[in-house]
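Our numbering puts the first residue of the sequence shown at 223, with every later residue one more than the last. Working notes, structure below.
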Amino acid sequence: LNPDHFNALRNKSALLTDLGRVEDGYRVWCDLAEKFKDDEIDDNKRMGIAIIGARFAPKFVDAQEAIDKIEKSILNTDDNPFRKAGYYQLGRLQHYLKNYDKAFDAYTACKQVEIEDENWDPEEHSERIDQLIDCWRTDVPIPFSRAKGVDGSRLIFIVGMMRSGTSLTEQMLAQVKEIVPGGEMNEVSRSLPREDKVTMRHAQRYPLMRELYTQGRINRMSKQAMAGYNQVHRHFTITDKQPFNYAYVPLIAHMFPGCKIIHCKRDPLDCCLSNFTQAFARLHLQTHNLYWLGRFFADYERSMLAWHEVPEVDMIDLQYEELVSDPENQSKRVMEFLGREWTDDILEFHKSKRTINTASRDQVRKPLYTSSVKKYTPYEHRLDELKRGIEEGRARPHGG
223 LNPDHFNALR NKSALLTDLG RVEDGYRVWC DLAEKFKDDE IDDNKRMGIA IIGARFAPKF
283 VDAQEAIDKI EKSILNTDDN PFRKAGYYQL GRLQHYLKNY DKAFDAYTAC KQVEIEDENW
343 DPEEHSERID QLIDCWRTDV PIPFSRAKGV DGSRLIFIVG MMRSGTSLTE QMLAQVKEIV
403 PGGEMNEVSR SLPREDKVTM RHAQRYPLMR ELYTQGRINR MSKQAMAGYN QVHRHFTITD
463 KQPFNYAYVP LIAHMFPGCK IIHCKRDPLD CCLSNFTQAF ARLHLQTHNL YWLGRFFADY
523 ERSMLAWHEV PEVDMIDLQY EELVSDPENQ SKRVMEFLGR EWTDDILEFH KSKRTINTAS
583 RDQVRKPLYT SSVKKYTPYE HRLDELKRGI EEGRARPHGG
């Protein structure tokens, strides 16, 4: 590692922080800021230093000072990832300072960096969810049974909306003997037939063409996906916390006989606001507009209600608000569902040293906290479009 290389130092500071070694990351950042003075570097580098520094606020860096440094450079940088990260940090720090309107404006600017002329059609998405639910109607016989020759009892699927507690749930389960966390895996979506095409840009693939799913195909999909899970561990139980697997719940139940599914739920306004205020590594277009988010949430909600009616689905609901307010009893309920023994270690999840690569990595390194419950309250006067999206989505008749 070249000690005078800008990107090397910047990336080292970020990596150490991601790994939970915050003080080490801060020391590297101090070295970076010392070697590359503001008046000797361009706006992009100034912005890069300011973004990393903001991650250490308010513990090691003054929050207002971090805000000032970002605002000084953000309008002049032509690096979109830096602009996106900068607006996100502005939102986070303005929230900390209780400047809620400034925070909301910063989060809105963050969401506008990536999309520009992009568009997400909520009605088209709702029509696709109609088709998806119709594929698994309980009054129409399914032309295949569960996969043959595959034991799904080693698999636990943790599903739900993004920002609903899936990472927290997996981190708690990771403390249980012989449960190995797989993180967000894509084995199920990868196994879908190529013929089941996506028509929406940036859209998730859904199993919509029921005629493609013969018994032979289900068996092949199951074996293909299981080969991926076996790369995590061949004998222990594996968790897959890919949130978007919620769309595949009935398919999962048929692909992996004996598997368990934990559905993480959260207050609609808190969940959607958390999606809107998060700078995801990947583009999730529906999170860039509050009305779109509301419609997407309503579609997710009605699909999960439908999956509870599918006989083959073995699933438990886990409400985020109840988990953080009563973790012992809620985790015991989950362990009973999984047929596992509960231990105190489950409540010590935040002491784990394992690497987490999702947006929740900072939260799951802290003890349980309730500060994210009703977090939408100071922003409620800005959430009319979100509420409209949820209400219209819920009121929309199936089939349009």
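Every residue, glycine too, gets a C-beta built ideally from N, C-alpha and C. All values reported here derive from a predicted model rather than from experimental measurement.
Using only alpha-carbon positions, find the residue among the options that is nearest to residue i.
i    : options                : result
Y411 : I474, L377, W251       : Looking at the sequence provided, one finds Ser at residue 411 rather than Tyr. For the residues I474, L377, W251, the minimum Cα distance to S411 belongs to I474.
A328 : K482, H317, G313       : G313
A617 : P589, I289, F519, T299 : F519
R268 : D536, R504, E400, A288 : A288
Q541 : P363, D356, R385, H317 : R385
R368 : V362, H476, Y468       : H476
H457 : K596, H347, F466, E400 : E400
S413 : K463, W342, A447, F326 : A447
L515 : T565, D539, R439, D492 : D492
L319 : D301, D290, A285       : A285
S593 : T565, I568, E543       : E543
C486 : S235, C494, Y470, P465 : P465
C357 : K294, M431, E345       : M431
E433 : V556, Q353, Q453       : Q353
E613 : T565, E558, L512, V556 : L512
A255 : V244, K596, H227       : H227
Helix, strand or coil: which one does DSSP assign to residue i?
i    : result
H485 : strand
I538 : strand
G561 : coil
S547 : helix
D284 : coil
E531 : coil
I296 : coil
T592 : coil
H317 : helix
E598 : First, the residue type needs correcting, since residue 598 is Tyr and not Glu in the sequence shown. Coil, per DSSP.
F571 : helix
A279 : coil
R416 : coil
G615 : helix
L605 : coil
R264 : Checking the displayed sequence, the identity of residue 264 turns out to be Asp instead of Arg. DSSP places D264 in coil when its eight states are reduced to three.
G247 : helix
N229 : helix
S582 : Unreliable placement is indicated for S582, whose pLDDT of 49 sits below 50; no coordinate value is reported for it.
G270 : helix
A255 : helix
R587 : Bear in mind that a pLDDT of 47 at R587, under 50, signals an unreliable position, so the number given afterwards is only what the model happens to contain. R587: helix per DSSP, three-state reduction.
R504 : coil
L354 : helix
Report all residues from its chain with a CB closer than 7 angstroms to the CB of residue i; omit the five preceding and five following residues, and keep chain order.
i    : result
A449 : none
E570 : Q397
G270 : R232, F304
R587 : Only weak support exists for where R587 lies, its pLDDT of 47 falling under 50; the value from the coordinates is given anyway. Taken in chain order, the residues that qualify are G242, H572.
T239 : G247, R277
P600 : Y322
L590 : V546, P549
E349 : G622
A501 : K306, A307, Y310, C332
T499 : G313, Y329
V535 : V471, P472, A475, I483, W529
Q426 : F466, A469
Using a threshold of 8 angstroms, state whether the C-beta atoms of residue i and residue j are closer than that.
i    : j    : result
G611 : R488 : no
M383 : Y522 : yes
R376 : I484 : no
K257 : V372 : no
F478 : G621 : no
V402 : H455 : yes
Y451 : G404 : yes
I378 : L560 : yes
W529 : P490 : no
S553 : M394 : yes
F366 : I440 : yes
W342 : L605 : no
Give me, in chain order, the residues of the same chain whose beta-carbon lies closer than 6 angstroms to that of residue i; leave out the 5 immediate sequence neighbours on both sides.
i    : result
S582 : Unreliable positioning characterises S582 in this predicted model, as indicated by a pLDDT of 49, which lies under 50. A coordinate reading is not provided.
N298 : D265
H623 : This structure does not reach residue 623, given that the chain is present from 223 up to 622, and the question cannot be answered.
Who are the near neighbours of residue i in its chain, counting only those whose CB is closer than 8 angstroms to its CB and skipping five residues on each side?
i    : result
I273 : I292, F304, A307, G308, Q311
N302 : V335, E336
T360 : E531, V532, P533
E392 : I380, P403, G405, T461, K463
Any heavy atom of the ligand NAD closer than 7 angstroms to the CB of residue i?
i    : result
E346 : Ligands displayed in this structure: none; no statement on the ligand NAD is therefore possible.
Exercise. Which runs of the beta strand (DSSP E), 3 residues or longer, sit entirely within the stretch 361–412?
Worked result: 377–382, 401–403
If you scan the stretch 422–500 from start to end, which runs of the alpha helix (DSSP H) of 4 or more residues do you find wholly inside it? 437–452, 471–477, 490–498
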